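Note that the sequence shown covers residues 396 to 922 in the working numbering.
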Amino acid sequence: MKAKIYYFTLQDEQTKEEKLAWFEQTRLEQVPFEHVTPDKKHNWVNLTDNDFDDFLPLIDKQVKAGKSQGAVFQLFSRGVATQRDEWVYDFSKEALIERMKYFVEVYQERLAGGKRRKLDIKWDRELEKYFKRQIHKSYEPRKIVLASYRPFCRRFFYFDKHFNGMTYQMPDIFPDVEVNNLAIFCTDFGTQSPFMLTVTDCVPDVHLVGTTAQCLPLYRYDENGTRIDDITDWALEQFRQHYSAGSGKGLKPLVPEEPLVPQTGVEESSAEQSDRSDELGKGLKPLVSEEPLVPQTWWFVTFVTHNARVSERMVTYGVKKGEPLIFSAADRIFIAEQIAEVAKRYEIAIAAFNVLPDHVHMVVAASTESELSEKIRKIKGFSSHQYQRSRDWDTGQHVWAQKFNRQEIEDETALTEILEYVLNNHTKHAERWGDELITTWNEGVTPGNKGLKPLVSEEPFVSSRPLAEIVREACVPLEELFSSEGEKRGLSPLSDQVDQTEITKLDIFHYTYAVLHHPAYRTKYEL
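Dropping the structure here:
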């Protein structure tokens with residue numbers, strides 16, 4: 396005969412005295428027991444009434460360790476736990492700079508055997524470890540970044556693994572202020588706090604959503620700065636198989652049947668709800684491309700001005716860095732003109748480029764990596780020579796850093812994203828460098844818009860041409876980037892069914908966010 400389970404619990408909200416009084420006054424036969432039938436996992440408390448195990452796991456430690464592929468995301472991480480928010484965060488960039496300069500000064504002073512100051516810095520276990528290992532530090536301007544501190548609240552942040560307590564895997568997700576990434580940040584599964592969710596494009600604090608949370612990035616970056624898809628190939632294949640036209644089988648529906656009406660915290664009219672529901676209800680859009688890529692290799696290239704970046708190697712070996720070269724608004728127009736000229740002179744196909752105060756992004760065509768290196772050498776060499784001549788510099792004075800970063804663009808989806816990123820990069824950096832970036836792009840250099848003060852004498856070159864106009868004239872027209880042969884885009888070929896759609900990893904990222912954001916899903920599956 397199988398045993399039967401009867402269960403009753405007092406309320407957590409009851410005080411100790413109330414619970415003791417209940418035991419004193421209640422006889423056993425008066426207890427309102429509930430007959431419990433364990434679920435298939437043998438739980439008899441907190442019973443689950445779902446088919447969650449039939450769904451795709453978002454994250455898995457075995458997948459993170461590279462021992463398996465059976466999850467949607469490979470790398471996941473907590474946000475940064477600084478242990479000293481009051482030191483490394485601030486709404487004021489200038490105040491943060493002064494504070495961190497003082498922090499570094501005190502740390503180095505103690506490292507040299509100095510006494511503890513009355514106004515000491517905040518120490519923790521991790522910083523004590525670095526101190527004992529005699530790790531020397533210097534203030535680095537490039538480590539001032541924007542961070543998502545709380546929902547809808549960004550602060551300037553000094554992102555340094557030695558001064559940030561626990562950075563977890565954040566350096567692999569947002570390794571540099573220039574990288575382009577998105578990350579879902581949601582309440583950690585298993586926490587007692589209400590489920591919360593947001594998306595960020597910059598470093599998240601560990602308490603971004605108010606409690607312990609997990610960061611699920613679209614991309615991760617290796618030690619060389621190469622971007623890697625964080626969504627696994629296994630997940631991509633699962634989605635493609637499930638949504639194959641006419642399959643009629645596979646995974647169960649990945650979202651509940653209720654209409655997708657998001658909860659925003661603000662009351663919406665029925666019309667607004669209908670519009671939003673229709674937008675979300677579109678789900679994964681058909682991705683049979685009307686304009687697929689011409690069979691040509693495009694590269695996403697970034698190079699920076701002299702002394703604009705400091706590598707970990709330079710820090711380790713104590714290599715001194717001089718003042719960085721920062722382009723003024725007029726400088727940026729001048730450099731753009733030179734890039735346009737060299738592209739025309741050497742017949743270099745450029746799909747897009749943008750000139751910022753301390754770096755340049757561009758999309759360049761090249762059949763091999765060595766061919767790309769030669770083209771970038773010509774672009775940097777010509778623009779550098781012209782810049783030096785215009786300012787009567789000695790030939791030994793550098794304009795560009797020696798190395799450049801490159802990434803092969805594998806498909807139309809990535810090309811579209813990167814083109815948008817490059818052509819809008821000035822808006823991303825406007826908060827750091829000022830609105831003149833946007834003005835220069837749209838209007839050129841005007842008498843009231845000479846921009847940042849250059850590190851050389853008053854610039855001899857002033858153009859009224861908008862930067863956007865120079866870029867547009869120098870680059871391959873967008874309509875010529877695509878053919879009309881009807882090829883399908885995607886990361887891997889599928890069968891040649893005419894009605895089959897193709898799903899990308901970016902679609903899976905958006906899909907995951909939409910599902911997690913859906914209140915009916917969260918209620919049903921107890922996320």
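All C-beta atoms in this analysis are idealised placements derived from N, C-alpha and C, irrespective of residue type, glycine included.
Note that the structure is a prediction, hence the values are computed from the model and not measured.
Burial state of residue i, where buried means 16 or more other Cβ atoms lie within 10 Å
i: His430; result: exposed
i: Cys548; result: exposed
i: Asp407; result: exposed
i: Gln420; result: exposed
i: Phe428; result: exposed
i: Pro820; result: Note on identity: in this sequence residue 820 is Asn, with Pro being the wrong assignment. Classification for Asn820: buried.
i: Gln633; result: buried
i: Asn800; result: buried
i: Arg727; result: buried
i: Arg740; result: exposed
i: Ala490; result: exposed
i: Glu653; result: Model confidence at Glu653 stands at a pLDDT of 40, short of 50, so the residue's coordinates are unreliable and nothing is read from them.
i: Glu412; result: exposed
i: Pro690; result: Annotation note: pLDDT 49 at Pro690 (below 50); position unreliable, coordinate value reported separately. Counting Cβ neighbours within 10 Å, Pro690 comes out exposed, since fewer than 16 surround it.
i: Glu807; result: buried
i: Phe403; result: exposed
i: Gly508; result: exposed
i: Pro752; result: buried
i: Arg704; result: buried
i: Ile774; result: buried
Bridge partner(s) assigned by DSSP for residue i
i: Arg549; result: Ser543
i: Ala608; result: Thr582
i: Leu592; result: Cys581
i: Asp600; result: Val475
i: His756; result: Thr697 and Asn749
i: Tyr616; result: Arg622
i: Val431; result: Ile400
i: Trp795; result: Thr700
i: Gln802; result: Phe695
i: Met561; result: Ala476
Best match in the options for proximity to residue i [C-alpha to C-alpha]
i: Lys900; options: Gln478, Thr562 and Arg635; result: Arg635
i: Asp596; options: Gly508, Pro589, Pro566 and Ala542; result: Ala542
i: His602; options: Arg704, Asp583 and Val574; result: Asp583
i: Tyr906; options: Arg860, Trp788, Asp806 and Leu453; result: Leu453
i: Val696; options: Leu814, Glu742 and Arg740; result: Leu814
i: Asp455; options: Lys399, Arg537 and Gln609; result: Gln609
i: Tyr534; options: Arg545, Gln503 and Arg528; result: Gln503
i: Gly605; options: Thr621, Ser588 and Val594; result: Ser588
i: Ala909; options: Asp600, Gln409, Leu592 and Ile745; result: Leu592
i: Met565; options: Thr808, Gly474 and Pro433; result: Gly474
i: Tyr553; options: Glu812, Lys414, Arg494 and Trp693; result: Arg494
i: Leu423; options: His637, Tyr401 and Phe777; result: Tyr401
i: His754; options: Gln797, Ser765 and Ala761; result: Gln797
i: Lys556; options: Asn575, Pro546, Glu521 and Pro536; result: Glu521
i: Val947; options: Ile771, Val750 and Glu618; result: Any property of residue 947 remains undetermined from this structure, which presents the chain solely from 396 to 922.
i: Asn576; options: Asp625, Arg550 and Pro546; result: Asp625
i: Ala398; options: Ile734, His824, Trp439 and Lys414; result: Trp439
i: Tyr782; options: Phe722, Leu405, Ile539 and Thr621; result: Phe722
i: Asn837; options: Leu862, Thr822, Tyr816 and Trp828; result: Leu862
i: Ser463; options: Thr627, Lys538 and Pro546; result: Thr627
Cutoff 8 Å: residue i Cβ touching any chain D Cβ
i: His430; result: Absence of chain D from the displayed structure is noted, only one protein chain being present.
Quick check for students: name the residue ranges of the alpha helix (DSSP H) that lie wholly in the segment 463–507, counting only runs of 4 or more. 480–483 and 488–506
Tell me, please, whether the segment 613–628 touches the segment 477–491 by the rule of three or more beta-carbon pairs shorter than 8 Å. no
Touching by the beta-carbon criterion (3+ pairs, under 8 Å), the segment 509–528 and the segment 566–583: no
Below 8 Å, how does it come out for the segment 494–509 and the segment 524–538: are there three or more Cβ pairs, yes or no? yes
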